[in-house]
Amino acid sequence: MNLEVRMKILEDKVDNETINWMMENFKLSVKQQIEAVLTKDELQHLAFLCKSEVDSIGRLTAGILWLLKLEKCAALITESSNSESSLVNLTNIKELKQKLDNMHSLLLQLRVQI
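For the sequence shown, this note's numbering gives the first residue as 1, with consecutive numbering after it.
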């Protein structure tokens with residue numbers, strides 16, 4: 001069974017708390033011919049389940065990013081208190097910021113595509 005759901009964000013403003021989604025397209029295909037009749041309520045429930053899964057992926061990704069950021073920051077704090085070289089720390093901080101910005105951008109692209 002193949003399932004394709006295209007959803008889009010209803011508003012331009014995206015925050016970390018809530019996002020309003022709209023189902024744009026829904027495709028369901030199977031290798032063997034079958035017939036399925038869905039009520040509007042069943043289809044809405046299926047759309048709700050899909051949205052919940054997408055939201056879960058977003059929360060998991062945000063949590064992983066948060067943990068990575070904290071781990072790297074804790075390591076930088078420890079290094080800065082023990083190290084005399086601030087250039088190395090500055091380079092690490094810039095690299096961390098760039099990676100986090102890239103991951104954030106990819107997450108936003110994923111949300112838009114889903």
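Virtual Cβ for every residue (Gly too), placed ideally from N, Cα, C.
Quiz prompt | One or two residues paired with phenylalanine 26 in a DSSP bridge | solution = One-based indexing of the sequence shown puts residue 26 at position 26. Val5.
Quiz item: Which whole-angstrom value is the C-beta distance of lysine 125 and glutamate 42, which I expect to be below 8 Å?
Solution: A query on residue 125 cannot be resolved here, the shown segment of the chain reaching from 1 to 114 and no further.
Quiz item: Is the Cβ-Cβ distance between methionine 7 and lysine 40 less than 8 Å?
Solution: Position 7 of the sequence shown holds residue 7. Position 40 of the sequence shown holds residue 40. No.
Quiz item: Is the segment 94-114 touching the segment 53-70, taking contact as three or more C-beta pairs under 8 Å?
Solution: yes
Quiz item: What's the gap between the Cα of asparagine 2 and the Cα of valine 30?
Solution: Reading the sequence shown from its first residue, position 2 is the one you call residue 2. Reading the sequence shown from its first residue, position 30 is the one you call residue 30. C-alpha separation (whole angstroms): 6 Å.
Quiz item: Exposed or buried, what is arginine 111 when buried is set at 16 or more other beta-carbons lying within 10 Å of its beta-carbon?
Solution: What you label residue 111 is simply residue 111 of the sequence shown in a count that begins at 1. By the neighbour-count rule (16 or more Cβ atoms within 10 Å), arginine 111 is buried.
Quiz item: Do you know offhand how far alanine 47's Cα is from isoleucine 9's?
Solution: Here residue 47 refers to the residue found at position 47 of the sequence shown. Here residue 9 refers to the residue found at position 9 of the sequence shown. Using only the alpha carbons, I get a separation of about 14 Å.
Practice problem: Indicate whether lysine 69 and leucine 100 have their beta-carbon atoms separated by less than 8 Å. | Solution: If you number the sequence shown from 1, residue 69 lands on position 69. If you number the sequence shown from 1, residue 100 lands on position 100. Yes, these two residues count as a Cβ contact at 8 Å.
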